[in-house]
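Asks:
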Amino acid sequence: MSGASRAGPMLGLIGLALFLMPPGEAQTQAAQTQAAQTQAAQTQTTQPVLPPLPYRNPALTPQARAADLLARMTLAEKIGQMTQAERGAIRDTADIAAYGLGSLLSGGGSAPTSNTPAGWADMTDQFQKAALSTRLGIPLLYGSDAVHGHNNLLGAVLYPHNIGLGATRDPALVARIARATAEDMAATGANWTFSPCLCVVRDVRWGRSYESFGERPDLVARMSSAVGGYQGQPGSRGRVLATAKHFLGDGGTTYASSATEDYLLDQGDTRLSEAQLRAWHLPPFQAAIQAGVGSVMVSFSSWNGVKMHAQKYLITDVLKGELGFGGFVVSDWAGVDQIAPDHALAVRTAINAGIDMVMVPGDYRRFVQTLTGEVQAGRVPMTRIDDAASRILTQKFRFGLFERPLADRSFAAGAGSAAHRALARQAVQESLVLLKNDGVLPISGSVKRILITGSSADDLGRQLGGWSVTWQGRGGRTTSGTTILEGIKARAGSGVKVDHLETATAGQARGYDLGVVVVGETPYAEGKGDTDDLNLNTADAQAIRTVCKAVKCLVIVVSGRPLLLTGELPGIGALVASWLPGTEGGAGVADAIFGQAKFTGRLPVTWPRNNDQLPVGRPKDAGTPLFPYGFGLDH
Ligand code: GLC
């Protein structure tokens with residue numbers, strides 16, 4: 301960072317204020333200050349009364365404040381604002397000031413040692429104070445993937461993942477969940493969520509299918525209501541900057557087209573005409589922009605062989621130009637590096653394509669040095685740097701970061717609160733899709749002996765899926781919440797015998813009035829969830845066949861996407877898709893199967909009969925699906 305990042309010789313407060321002003325305004329300022337001094341002398345006050353510098357004046361518009369601040373900044377300070385580092389990459393907190401970093405983030409599962417609201421607030425406040433110590437005192441944006449609640453925060457209520465929320469067809473509910481999540485985030489000082497994912501999933505073999513609200517652009521577009529929930533009203537507290545991601549076509553990649561690691565779909569190539577790309581994947585971003593979203597994250601994927609991170613036409617001409625997006629564009633995690641092995645080429649290509657902030661997230665010193673060199677060599681124009689920095693600063697002013705940079709600890713009690721749990725429980729109820737019911741549901745008072753079995757019957761971590769306390773999530777009791785077994789036990793009451801068996805024989809099953817088989821997937825995130833086979837795992841398929849042959853049975857699927865159970869369906873009495881219901885999954889599922897809540901959910905994605913019917917929308921020769929998009933029984 302150049303010496304200009306420091307204030308030079310120690311100047312009096314007044315002198316410093318003048319030092320910061322461009323010459324033209326300095327004389328006016330001097331006259332104003334002289335008058336203020338005279339007034340102060342007359343009123344015998346000791347403190348000089350200084351009018352706030354324009355960028356520090358909340359009465360001005362975010363755009364005006366950003367313009368004033370930008371005019372005061374050095375190249376180094378502008379590039380610092382365009383730089384985002386992972387919290388774990390910060391070698392020395394002093395680097396935050398030395399490099400004038402604009403943003404830090406917590407990647408999936410990246411949390412302070414004390415993973416509590418206070419632990420987070422202490423951490424982010426420390427980072428903010430380092431940023432505020434700089435010459436211009438520009439606060440940080442602190443980002444985190446709060447994608448189904450503040451899921452990096454241990455003990456936070458975790459809501460159904462997006463695919464379940466898509467099944468609710470309830471944009472107002474989605475907005476309320478986003479609001480509650482924003483408050484949990486505000487308590488921790490995380491003021492930016494990398495959510496909502498507005499991906500349109502076209503092949504549910506994709507590991508990020510559950511991050512999508514569904515396979516239809518109109519449904520996904522409706523759920524951009526999350527933006528308003530996260531971002532709240534101007535001047536209000538407990539609001540965070542939202543991110544529409546991943547631009548563009550992340551859910552439409554071609555099977556086996558990924559060149560990254562061993563992924564089959566994730567980060568792959570979306571091979572569509574421009575008209576198809578626009579029709580299937582653009583509407584959710586148009587809706588998010590209309591909702592005022594302040595940031596857009598670029599997709600790792602490619603469009604017809606060109607990385608999205610290098611797509612100037614789509615980022616600058618379409619997103620910023622044609623759609624009029626006025627916020628800023630952030631790269632995905634080290635997404636810039638995927639453009640080319642030559643770091644300078646990758647950096648200038650990404651910035652010139654229209655990316656404003658780079659989620660480096662590791663070697664931020666190298667990024668700053670590289671981009672500085674590209675600007676000084678004239679390969680990245682200063683106008684691009686000014687546009688990028690201005691977009692970022694405008695959002696910081698818009699969200700009141702200069703006035704309230706620190707964590708708002710008044711929201712700490714909300715994390716894990718009864719109110720948030722009740723909201724999550726309602727979301728679970730509305731997300732359930734009843735796919736079959738041969739008189740099994742609601743569970744009647746005549747049912748006195750219930751057997752519960754299956755891999756996901758008593759596993760909270762499986763209900764949460766990925767992005768849950770850790771990046772990939774994991775099975776077991778990873779946080780607080782109710783499993784489906786616990787929910788059924790609590791709802792059934794003392795007069796009903798509820799037994800849980802890891803595995804059950806037909807003979808054992810015949811000893812009960814109802815067998816509940818809870819099947820599903822182990823948690824995963826991103827490309828690690830890509831699969832070439834959606835069949836149930838062998839043990840689950842066997843459990844269904846054994847129990848459902850011996851006794852009236854209910855099968856509950858706990859998964860991030862449809863699983864193939866075509867062969868098992870005839871023997872199943874009732875079938876419920878619960879998706880990834882979150883910490884309140886047990887309570888919400890029990891409410892519905894005992895009749896305390898109605899089944900209203902509708903499939904957000906087609907439920908295929910077999911793998912050959914994917915991606916959805918294949919020619920009709922693929923045959924009819926097991927259950928079509930939009931299907932769902934009321935009872
Ligand atoms: C990940 C994801 C993106 C997330 C980011 C930060 O790789 O692609 O959705 O917001 O990195 O965790």
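So the sequence shown is numbered by the numbering used here: it starts at 301 and just counts up by one. Think of the CB as a built atom: it goes at the ideal place given N, C-alpha and C, for glycine as much as any other residue.
(1) What's the call for residue 684, buried or exposed, on a 16-neighbour Cβ count within 10 Å?
(2) Assuming residue 879 contacts residue 768 (C-beta within less than 8 Å), just tell me the rounded distance between them.
(3) Examine the Cβ distances between the stretch 601-610 and the stretch 623-639 and report whether three or more of them are shorter than 8 Å.
(4) Would you identify the three-state DSSP class for residue 372, choosing helix, strand or coil?
(5) Kindly list the residues whose CB is nearer than 8 Å to the CB of residue 378, restricted to its own chain and excluding five residues on each side of it in sequence; keep chain order.
(6) Starting from the Cα of residue 741, find the closest Cα among 800, 898 and 881 and give me that residue.
(7) Suppose you measure from the CA of residue 928 to the CA of residue 905; what does that come to, to the nearest Å?
(8) Can you tell me whether residue 442 is helix, strand or coil according to DSSP?
(9) Jot down the residue ranges of each uninterrupted beta strand (DSSP E) in the stretch 543-617, minimum 3 residues, whole runs only, in chain order.
(10) Run through the DSSP bridge pairs and tell me what residue 403 is partnered with.
(11) Give the range of the beta strand (DSSP E) segment to which residue 840 is assigned.
(12) CB of residue 445 to nearest heavy atom of the ligand GLC: below 7 Å?
(13) If I measure Cβ to Cβ from residue 820 and keep anything under 7 Å in the same chain, skipping five residues before and after, which residues do I get?
(14) Once you ignore the five residues that flank residue 556 on each side, which residues in its own chain have a CB closer than 6 Å to its CB?
(15) Is the beta carbon of residue 405 within less than 7 Å of some heavy atom of the ligand GLC?
(16) DSSP three-state call for residue 856: helix, strand or coil?
(17) Which runs of the alpha helix (DSSP H) spanning at least 4 residues fall entirely within the stretch 741-821, listed in chain order?
(18) Do you know how far the Cα of residue 361 is from the Cα of residue 778?
(19) Are residue 715 and residue 453 closer than 8 Å when you measure CB to CB?
(20) Considering only the alpha carbon of each residue, which of 465, 598 and 634 lies closest to residue 903?
(21) Please report how far the alpha carbon of residue 588 lies from the alpha carbon of residue 617, in whole angstroms.
(22) In the DSSP assignment, find the unbroken alpha helix (DSSP H) run with residue 735 in it and report its ends.
(23) So what's residue 451 in DSSP terms, helix, strand or just coil?
(24) Name the two residues that bound the continuous beta strand (DSSP E) containing residue 628.
(25) Identify whether residue 275 lies in helix, strand or coil by the three-state DSSP scheme.
(26) Three or more C-beta pairs closer than 8 Å, one from the stretch 486-500 and one from the stretch 436-445: is that the case here?
(27) So residue 877 is in the beta strand (DSSP E); what residue range does that whole segment cover?
(28) Can the beta-carbon of residue 886 be found less than 8 Å from the beta-carbon of residue 782?
(29) With the cut-off set at 8 Å, would you say residue 383 and residue 675 are in Cβ contact?
(30) According to DSSP, is residue 485 helix, strand or coil?
(31) Any idea which residues DSSP pairs residue 493 with across the strands?
(32) Just to confirm, does residue 448 get its C-beta within under 7 Å of one of the non-hydrogen atoms of the ligand GLC?
(33) Please report how far the alpha carbon of residue 520 lies from the alpha carbon of residue 435, in whole angstroms.
(34) Hey, would you say the C-beta of residue 765 is under 7 Å away from at least one heavy atom of the ligand GLC?
(35) Quick check: is any heavy atom of the ligand GLC less than 7 Å from the C-beta of residue 826?
(36) Does residue 907 come out as helix, strand or coil in the three-state DSSP assignment?
Replies: To lay it out plainly:
(1) buried
(2) About 14 Å; that fails the 8 Å criterion.
(3) yes
(4) helix
(5) 370, 685, 686, 688 and 689
(6) 898
(7) 8 Å
(8) strand
(9) 543-547 and 595-598
(10) 384 and 441
(11) Looking at the DSSP string, residue 840 is not in any beta strand (DSSP E); the run it does join, the alpha helix (DSSP H), is 838-850.
(12) yes
(13) 755, 756, 762, 857, 858 and 859
(14) 564
(15) yes
(16) strand
(17) 760-764, 784-792 and 806-809
(18) 44 Å
(19) yes
(20) 465
(21) 17 Å
(22) Premise fails: residue 735 lies in the beta strand (DSSP E), 733-737, not in any alpha helix (DSSP H).
(23) coil
(24) 628-630
(25) In this structure the chain extends from 301 to 935, so residue 275 is not present and cannot be described.
(26) yes
(27) 874-879
(28) yes
(29) no
(30) helix
(31) 444
(32) no
(33) 43 Å
(34) no
(35) yes
(36) strand
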